[in-house]
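Undergrad:
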Amino acid sequence: MQTIRIEITGEDSLEELKKLEKNKLIRILNEPDINSYSLPGEAISENDFKNWIEYAEESPTTDIYQAKERWENQKKLLFLA
265 MQTIRIEITG EDSLEELKKL EKNKLIRILN EPDINSYSLP GEAISENDFK NWIEYAEESP
325 TTDIYQAKER WENQKKLLFL A
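In structure tokens, the structure reads:
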């Protein structure tokens with residue numbers, strides 16, 4: 265998903281955009297918060313965003329093969345339950 269901000273130059277343009285929205289190709293936001301780091305969703309402060317980045321950088325990582333193996337084991341447990 266990408267969020268863009270545009271200026272509409274005429275009524276015909278708005279009608280065309282509404283057709284795209286009706287066909288579920290786009291979603292028109294009445295008042296988008298262009299300062300938000302995440303759309304859709306709740307706005308996040310710059311400080312919270314920096315804290316999230318710091319947390320992500322310090323979090324441990326998992327080998328892809330181990331992650332896949334764990335997921336396979338979980339799937340087996342789910343199907344047995």
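Just add 264 to the spot in the sequence shown (first one is 1) and you have our numbering. Where is the CB? At the ideal position from N, CA and C, for every residue including glycine. Since we're looking at a predicted model, the values are computed, not measured.
Per DSSP, what kind of secondary structure is Glu275 in: helix, strand or coil?
TA: In this structure, Glu275 counts as helix in the three-state DSSP scheme.
Undergrad: Taking DSSP as the reference, what is the three-state secondary structure of Lys288?
TA: Lys288: coil per DSSP, three-state reduction.
Undergrad: Hey, how far is the Cα of Arg274 from the Cα of Glu280?
TA: The sequence shown places Gly at residue 274, not Arg. C-alpha separation (whole angstroms): 10 Å.
Undergrad: Using a Cβ-Cβ cut-off of 8 Å (strictly less than) and excluding sequence neighbours within five positions of Glu285, which residues of its own chain qualify?
TA: Here the set comprises Arg291, Ile292.
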